[in-house]
Amino acid sequence: MTDIKDGDTVRIHYTGTLTDGSVFDSSEGRDPLEFVVGSGHIIKGLDVALPGMHAGDKKTVNIDCVDAYGPINPAMHQAVPRDAIPDDIPLEVGMQLQMQTPQGQPMPVTVTEIKDDEIMLDANHPLAGRDLVFEIQVVSFDAG
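In terms of the working numbering, the sequence shown opens at residue 771 and continues consecutively.
In structure tokens, the structure reads:
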């Protein structure tokens, strides 16, 4: 039986939870997630867990935040003048907005605080700073 290795195309079913057991994502009811192992298209902690597995194998993978979406980066918190947000956008703490980087790339941000004169935004990934747990099952793979 052939082992999965870097460069192989894998298809997995997964359930991702926080360490408290709350589910943040799952492939349940959807097609398996397909990607090339070692390509960097998924979080590192999940990518490095697959080599050596076989079709049908199941595994629980505990991933430190450093190998998931990284630690919270305080530099990704930004104050924006309240008048920089159009008045027709009703702001609420926790709501997601779309900003643009200086290079014109879209960047999702979360409203974390609303003051009279400024809005605090967080551009960290919503799972930054969180350790994650994945239950994975290899559905199939093709050797690269």
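The C-beta atom is built at its ideal place from N, Cα and C for all residues, glycine as well.
DSSP, reduced to helix, strand and coil, places LYS829 within a strand of the structure shown. The alpha-carbon of PHE911 is positioned some 20 Å away from that of GLY799.
If you draw a 10 Å sphere on the C-beta of VAL836, you find fewer than 16 other C-beta atoms in it, and that means exposed. According to the DSSP assignment, LEU891 belongs to the beta strand (DSSP E) that extends over 888 to 892. LEU803: member of the beta strand (DSSP E) spanning 803 to 806, first to last residue.
Boundaries of the alpha helix (DSSP H) harbouring ASP817: 814 to 817, taken from the DSSP string. Residue nearest to ASP776 within the set LYS885, ASP853, GLN875 and ASP817 is ASP817 (criterion: CA-CA distance).
Rounded to whole angstroms, the Cβ separation of VAL908 and VAL780 is 6 Å, and the two are in contact under 8 Å.
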